[in-house]
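What follows is a short report on a single structure.
There are 2 protein chains.
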Amino acid sequence: MNTVFLRKVSSSISREFDGRQRVVIENVSPELDGGKYHAKTVEGGSLAVEADIFVDGADTVRAELCYRPEGADEWQRVPMEPIGNDRWKASFSVGTPGKYFYTVEAWPDHFLTWKKGLAKKVDAGQDVSLDLQTGALFVEGATPVASKADAGKLKKFAALMHSDDIQNAVAAGLGEELVRLMELYPDKAHASVYDKQLCVTVEQRKAGFGAWYEFFPRSWGEVPGRHGTFNDCRRLLPMVAGMGFDIIYLPPIHPIGYAKRKGRNNSLSAAPDDPGSCWAIGNRDGGHKAVHPELGTIEEFEEFVGDAECLGISVALDIAFQCSPDHPWVQEHPQWFKWRPDGTVQFAENPPKRYEDILPIDFETADWQNLWIELKSIFLFWIDRGVKIFRVDNPHTKAFPFWEWAIASIREDHPDTVFLAEAFTRPKLMARLAKAGYSQSYSYFTWRNNKNELQEYLTELTSSPLKHFMRPNFWPNTPDILHEEFHSGNRTTFIIRMVLAATLSSNYGMYGPAYELCEHVPVAEGKEEYLDSEKYEIKQWDLDRPGNIRAEITRINRIRKENPALQQTNDIAFLRIDSAPGQEHGLLMGYVKRSEDDGNIILVVVNLDPNAMQNGWLRFPLEMFRKPHDHHFAVEDLLTGNRYEWNGEWNYVEVNPHAMPAHIFRVMLS
Amino acid sequence: MNTVFLRKVSSSISREFDGRQRVVIENVSPELDGGKYHAKTVEGGSLAVEADIFVDGADTVRAELCYRPEGADEWQRVPMEPIGNDRWKASFSVGTPGKYFYTVEAWPDHFLTWKKGLAKKVDAGQDVSLDLQTGALFVEGATPVASKADAGKLKKFAALMHSDDIQNAVAAGLGEELVRLMELYPDKAHASVYDKQLCVTVEQRKAGFGAWYEFFPRSWGEVPGRHGTFNDCRRLLPMVAGMGFDIIYLPPIHPIGYAKRKGRNNSLSAAPDDPGSCWAIGNRDGGHKAVHPELGTIEEFEEFVGDAECLGISVALDIAFQCSPDHPWVQEHPQWFKWRPDGTVQFAENPPKRYEDILPIDFETADWQNLWIELKSIFLFWIDRGVKIFRVDNPHTKAFPFWEWAIASIREDHPDTVFLAEAFTRPKLMARLAKAGYSQSYSYFTWRNNKNELQEYLTELTSSPLKHFMRPNFWPNTPDILHEEFHSGNRTTFIIRMVLAATLSSNYGMYGPAYELCEHVPVAEGKEEYLDSEKYEIKQWDLDRPGNIRAEITRINRIRKENPALQQTNDIAFLRIDSAPGQEHGLLMGYVKRSEDDGNIILVVVNLDPNAMQNGWLRFPLEMFRKPHDHHFAVEDLLTGNRYEWNGEWNYVEVNPHAMPAHIFRVMLS
């Protein structure tokens, strides 16, 4: 009796070498750097896994995606399906934040191979009596591991296949019932298991979907001109919540250095009452674990965080690992800084520029272990005070190995911590930070302005391997960046860029109230820095100033919340819009996004020209949704409530920027 | 004193974790499946290695490619150069067949960072006296490890930088001499080393460049019609050598089974004098380690191999792991086969097709270890008899893990063994065999006939990761495949396909004399099988039959040997040929190949139309060779000896297939 008729059912995943494990499993995706880094998903989301799977010869293969949350011993399994060219695919759903492991198991299914051959032989009119005997042996092989009821059924099938009743035996052998039973009890004696257990990091929902609002607390004093406090800011919360933001991000809230303090408009000498840049962290009142006394106390900060949470808003802190010359560390840990031959401490430089109010940390210090522990403890300190989201300042100027270690070890105890990398730097460095564990990344969106640039950039983010680990966060402005496009002050431009940020990316943010008030004057012509930047002074904002775009922002944030299609970034398709037959429109941009189950489909059409109406013919990709080219369907503009009936794939669109520079259509295909 | 001024020179490669190793090294190429499989090169060749290398912040990075042959303890080093977008590159040369290991080391060069800053500060007119002191400390740091002479020079530099002579100190600090000295003694205290030692397999030269000639020895009896012998074949060797072939490949030379022997034209019943298919291996005279008695003895085979070697020709054997029902293994190792419920052995099937003269081996046998050892020993048996090259029949129907093990373990003792995979199957399986160790792979060339198909296929082979591990071997025909394109019998078609095979791929082969005699009659219309196939009968060939293309083959093989550009496959660029301005020519195909040092440049222009003259304008890519668009240069057609003067990039070409359907130009750029 040949071994093919022997049976050993293995439910565990073994990696012991056995030359009979003939099925090849390779090119598993996602797999980052051979499994060293992890793909990302969010709570309640899923992970789609693909692999190349094949066997020598003509055997029929079956495959399962195996997964388990960290800590669980048992693997759960989903059957994988072939999607062409020996590629297989399956997805699994995840629960709460933490880690999930996954791998792939596959085996030749000798019963199915046999069945395929039987069918062909029967079709060719060949004698199959001997084949039926062979098949019966496979069926008998499954009975010892089958349930009592199924074993009984299997035995009957085997008896029939052993009998002289060829016609009925063939019918049984080719029937659905036997396949169903045999699939319940697969013979995995020689199953192959992929040689790695890969890992996906599951993060809290706001890692995947959220609208960020950045503001400077000190500009919100109840008495105009007086330094704002956390208590003052509690007043602001309903307004921010009303606009539909999910995350409030505060620039550093720590004591600000006095030495070399910068004055208004980044001047080298500060006036006595200049508040200084809050990124010059630390003075005699403390460093990264202290609160600037004029903002209030740590307890008041905690109350502010609590109030925000009640409104569904998370407070994100800015973690900037740099020090003012007055930071306590300079005295307590001089070995964490570089010192110059004259005994003075080395300030930040980008020759010939000098940043004398800022000391960089020396990540090559011999005392690096203690440095790492202290830096990590800053995150833990604020986590203990209710903060779960951190925006990290210039992480690309700190050692990459530190981030890998710090983020992983913080997440061990606090898997719901979110890290946003503020790294406006070269592509490879940004990708590495994302692989190292950052939940989200600031992006080049700010400088992708025309249709080609935007489409190319989104395609790179959502179609390259970046899609597995780098979640972009789109910011039309920041306190550091007022893009030239805004300098004209055209209110419509502010709406266009907000629509793009909020609908292209599930994560976006703005620096307010500068944005909704359409602040647009640069410090000098052609510069990206704001005039009278809030970074160096206390501002007074009139939130109701005429021309503000708060209503538009509110509406768009509500549309985001009501439409799951906009709560993800990677499933996006750019659409053809023609200005004349065969002539692509250069200013109208269209894209479609959808929820995982196709239950929600959003079509955005943006007019990139803030000054003139544009129109054209848009091709809606009905084939993506398995509809015929002449399908009749309806779209509803969620911005205006207007509803249109569309016939077939090509449809007329026009966008008048003087009314609203975009349509956000909900597509109702049936 | 800060650690940046401390110095520890490490010449060994350490993988100990140190958080100060700030440089990131990733995306090293070639790296196959995380290093599990090896890239390939040939004796005397080289390997180009690339990696993404960068550091946090603004430090200047340096990097070295480290390599060593297996067995050597010391790493050799080549500086890597940045090629843009944080990608770095270097190459190393390899010696004799075996394995080479390689990895990458990189570090922030604080001296170069300092120098860059100094230059900018000097340009900006800043006071640099303190910077010079800092620089002096770097220079002093290098003296303890410098040669005595260099240490003296370094001390003088340091003294100058400590002095008040700022002007000369700046000149010294920015000068070439100090950089040269400092680069000799790099501070690698915090160098990063890539976390894998990757491996490249170095094979003998014929793995990378060779023309194969396949023939059936039994058709070469001195007395026409009598079974040919190895001694008869020795007569044939000067003819094959004269045509310029490097490798003679013989179909299986083993005893042929009698049971179910196939007759002429694959008929199910053989006549008493039918010789049978030599792929039905084994009878009472022996199996895979025996020689068919009618061919001669093993000693005579060895003499044949020796004669061939004297002419520079290697003899390749066909290893087909399958058995006739008469093979001794069926009795000796019944457990290596599948048995049917009626006690008969399972023959090969592809339902409803039956191959009753062939028994497949069961790679799921419980006795798989002994099976593997025996199969491997077949290679070793023939290696002991002088064979270094094996063409393996249908490797994709044998277990992949077997090939990985067998090829690796054979190469441990015999690194000059070449394996050609005859797997005409799906792309992923072919790629896996190549990764598993096969030196070369049969390819889809046979079915890539028009210009688009050929260019797309070559682009895939030479530009995708396949280029690192899969070397194609291009065969216009085989005993199994007479492509429909040949059925007309047009002699020119045979020349066209031979030129394509021989110039597109450095490895190509043909089944002769069928090919050079332009045998073209299929067994039935539309079938790819030869009529009266030599697989089932002894043929008599008249090598001098009118219309043969031996002269053309001879000429083209000589051109291949004389031009290094044609001795490699991956460096190929397809050229634009226009039939009218802006209109790409559909039948004229042009491509340029070059030797590694650009010393040899070959431009091939093929007319894919065997019946009519075609002409057009070809754009020669002068920019590839850093020549201006209006460069004046000469080309010489190596097929005719004609020489043309060309002016600039666009040039007129015409190819008259009635004379010769291709030009093979040697390009002389200066």
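Those protein sequences? They're chains A and E, same order as listed. Counting along the first sequence from 1, when you hit position 127 you're at 130 in this note's numbering, and nothing is skipped either side. Counting along the second sequence from 1, when you hit position 251 you're at 254 in this note's numbering, and nothing is skipped either side. Ideal placement from N, C-alpha and C gives every residue a C-beta, glycine not left out. All values derive from a computational prediction rather than experimental measurement.
9 angstroms is my cut-off, CB to CB: does residue i come that close to chain E?
i                      : result
residue 106 of chain A : no
residue 450 of chain A : no
residue 25 of chain A  : yes
residue 146 of chain A : no
residue 366 of chain A : yes
residue 425 of chain A : no
residue 123 of chain A : yes
residue 674 of chain A : Residue coverage of chain A in this structure runs from 4 to 673, which leaves residue 674 of chain A outside it and unanswerable.
residue 328 of chain A : no
residue 360 of chain A : no
residue 157 of chain A : no
residue 119 of chain A : yes
residue 264 of chain A : no
Keeping to the same chain, check which residues put their C-beta closer than 6 angstroms to that of residue i; ignore five residues upstream and five downstream.
i                      : result
residue 659 of chain A : 616
residue 652 of chain E : 622, 623, 625 and 632
residue 640 of chain E : 666 and 668
residue 1 of chain E   : Shown here, chain E extends from 4 to 673; a query on residue 1 of chain E therefore has no answer.
residue 134 of chain A : 121
residue 73 of chain E  : 101 and 102
Kindly indicate if chain A contains any beta-carbon less than 9 angstroms away from that of residue i.
i                      : result
residue 7 of chain E   : With a pLDDT of 28 at residue 7 of chain E, under the threshold of 50, the modelled position of this residue cannot be trusted; read the value that follows with caution. Yes, contact with chain A.
residue 282 of chain E : no
residue 37 of chain E  : yes
residue 137 of chain E : yes
residue 218 of chain E : no
residue 353 of chain E : yes
residue 665 of chain E : no
residue 432 of chain E : yes
residue 29 of chain E  : yes
residue 167 of chain E : no
residue 345 of chain E : yes
Identify, in the order they occur along the chain, each residue of the same chain with its Cβ nearer than 8 angstroms to the Cβ of residue i, setting aside the five sequence neighbours on each side.
i                      : result
residue 388 of chain A : 301, 304, 305 and 308
residue 67 of chain E  : 80, 81, 82, 83, 93, 107, 108 and 109
residue 171 of chain E : 163
residue 10 of chain E  : Its pLDDT being 29, under 50, residue 10 of chain E is placed unreliably in this model, and the value from its coordinates should be taken loosely. So the list reads 144, 145, 147, 148, 190 and 192, once near-sequence residues are dropped.
residue 560 of chain E : 214, 246, 247, 248 and 505
residue 499 of chain A : 609, 610, 611, 613, 660, 664 and 665
When DSSP builds the beta bridges, which residues end up paired with residue i?
i                      : result
residue 666 of chain A : A/608
residue 635 of chain A : A/650
residue 111 of chain A : A/64
residue 106 of chain E : E/69
residue 444 of chain A : A/424 and A/475
residue 318 of chain E : E/251
Please return the same chain residues whose Cβ sits closer than 7 angstroms to the Cβ of residue i, not counting the five positions on each side in sequence.
i                      : result
residue 234 of chain A : 299 and 303
Answer with yes or no whether the minimum CB distance from residue i to chain C is below 9 angstroms.
i                      : result
residue 191 of chain A : Structure shown: chain C not included; protein chains present are A and E.
Would you grab the beta carbon distance between residue i and residue j for me? Rounded to a whole angstrom, and I think it's under 8 angstroms.
i                      : j                      : result
residue 292 of chain A : residue 381 of chain A : 6 angstroms
residue 542 of chain E : residue 574 of chain E : Wrong, their Cβ atoms sit about 40 angstroms apart, outside the cutoff.
residue 202 of chain A : residue 399 of chain A : Wrong, their Cβ atoms sit about 24 angstroms apart, outside the cutoff.
*Check distances from the C-beta atoms of the region 82-93 of chain E to those of chain A and list, in chain order, the residues that come in under 9 angstroms.*
88, 89 and 90
*Going along the region 458-490 of chain A in order, which residues come within less than 9 angstroms of chain E, judged by CB to CB distance?*
Answer set for the region 458-490 of chain A: empty.
_Residues of the region 57-74 of chain A in Cβ contact with chain E at a cutoff of 7 angstroms, in chain order, please._
Interface annotation for the region 57-74 of chain A against chain E: 57, 59, 60 and 61, criterion Cβ-Cβ distance under 7 angstroms.
*Output, in sequence order along the chain, the residues in the region 389-416 of chain A whose CB is closer than 7 angstroms to any CB in chain E.*
Taking a C-beta cut-off of 7 angstroms against chain E, the contacting residues of the region 389-416 of chain A are 399, 400, 401, 402, 403, 404 and 405, listed in chain order.
_Interface residues of the region 372-386 of chain E facing chain A [CB-CB below 8 angstroms]_ = 372 and 375
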